[in-house]
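Notes for the one structure printed next.
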Amino acid sequence: MIAHTPGAFFILFVTVGVSLAGLYAMPTLIAASLFRPYYLLPRKQYYTVITSGLVHASFPHLLFNMLTFYFFGPPLERVIGTERFVLLYAVALVLSEARTYFKHRNDPQYASLGASGAISAVLFAAIVYFPTQSLYILPIPVPIPAPVFAVGYLAYNWYFARQERQGINHTAHIDGAVTGLLFVAVTDVSAYQRFF
1 MIAHTPGAFF ILFVTVGVSL AGLYAMPTLI AASLFRPYYL LPRKQYYTVI
51 TSGLVHASFP HLLFNMLTFY FFGPPLERVI GTERFVLLYA VALVLSEART
101 YFKHRNDPQY ASLGASGAIS AVLFAAIVYF PTQSLYILPI PVPIPAPVFA
151 VGYLAYNWYF ARQERQGINH TAHIDGAVTG LLFVAVTDVS AYQRFF
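Structure, rendered in structure tokens:
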């Protein structure tokens, strides 16, 4: 499976490795990786748009993101190819932070982290290609259709975006979802015909 989806598994292994290192061995790694809109331009911290997506606020935050990515990333990469998959992920990391930048660029206290924006893009792009896919999430005893999961995922993030707790950028989750849908529309609009 890894041989057929090298992009997804590379992203998965790097994100898990860096996140665990930051959470349990080198907390300064998380501090150095945070996306801080206030400092992005004055201190030229452009790299944080990417590095903030490699670290997570807690183990549950990491686990939820990586499980979602694992369920949807490799199947999507097999369909669209490694180059387009990695491009989607990279574009989503950047674009999912754009609204956050404008919203918080004058707030020196604001910082965010997590791969959720890019993972939202992967999730929603995958749903266009696999609208009938389902997944199991314990302790729910029945399969959850991917579109239902996606709507619940967005509702959860819309609710928490209004609170911006724990440095997790819930606004980026929503913007990532939109990025995933637009990416498919731009690169393979025929996929939407299969969706409907």
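In the numbering used here, the protein residues as written are 1 to 196.
The C-beta atom is built at its ideal place from N, Cα and C for all residues, glycine as well.
Determine the direct distance from the alpha carbon of residue j to that of residue i, and round the result to whole angstroms.
i: P42; j: A115; result: 24 Å
i: P60; j: A121; result: 20 Å
i: V178; j: F124; result: 8 Å
i: I30; j: Q193; result: 42 Å
i: A90; j: Q109; result: 26 Å
i: P145; j: I50; result: 31 Å
i: L201; j: F69; result: One cannot answer for residue 201 here, as it falls past the ends of the chain, which runs 1 to 196.
i: L63; j: V186; result: 31 Å
i: Q133; j: L93; result: 24 Å
i: F102; j: S19; result: 26 Å
i: A126; j: P143; result: 17 Å
i: F13; j: P6; result: 10 Å
i: H170; j: P147; result: 19 Å
i: T100; j: G117; result: 11 Å
i: Y159; j: I11; result: 28 Å
For residue i, count neighbouring Cβ atoms within 10 angstroms of its own Cβ and tell me buried if that reaches 16, exposed if not.
i: D107; result: exposed
i: P27; result: exposed
i: G17; result: exposed
i: E77; result: buried
i: P74; result: buried
i: F35; result: buried
i: V151; result: exposed
i: L54; result: buried
i: Y136; result: exposed
Looking at chain D, is there any beta carbon in it that lies within less than 9 Å of the beta carbon of residue i?
i: P42; result: The structure shown has no chain D; it contains just one protein chain.
Secondary structure at residue i, three-state DSSP: helix, strand or coil?
i: I30; result: helix
i: F124; result: helix
i: F130; result: coil
i: P145; result: strand
i: S19; result: helix
i: S116; result: helix
i: L41; result: coil
Write down the C-beta distance between residue i and residue j rounded to the nearest angstrom, noting that I regard them as a contact closer than 8 Å.
i: L113; j: S33; result: 7 Å
i: D175; j: L95; result: 7 Å
i: A155; j: E97; result: No, A155 and E97 are not in contact; Cβ-Cβ is about 22 Å, not under 8 Å.
i: R105; j: Y38; result: 6 Å
i: V128; j: V86; result: Going by Cβ atoms, the distance from V128 to V86 rounds to 18 Å, so no, they are not a contact pair.
i: N65; j: I119; result: 5 Å
Under the criterion of a Cβ to heavy atom distance below 8 Å, does residue i qualify as lining the ligand MG?
i: E77; result: In terms of ligand content, the structure shown is empty, and the ligand MG therefore cannot be addressed.
contact_flag[the region 50-68, the region 12-23] where n(CB pairs < 8 Å) is 3 or more = These segments touch.
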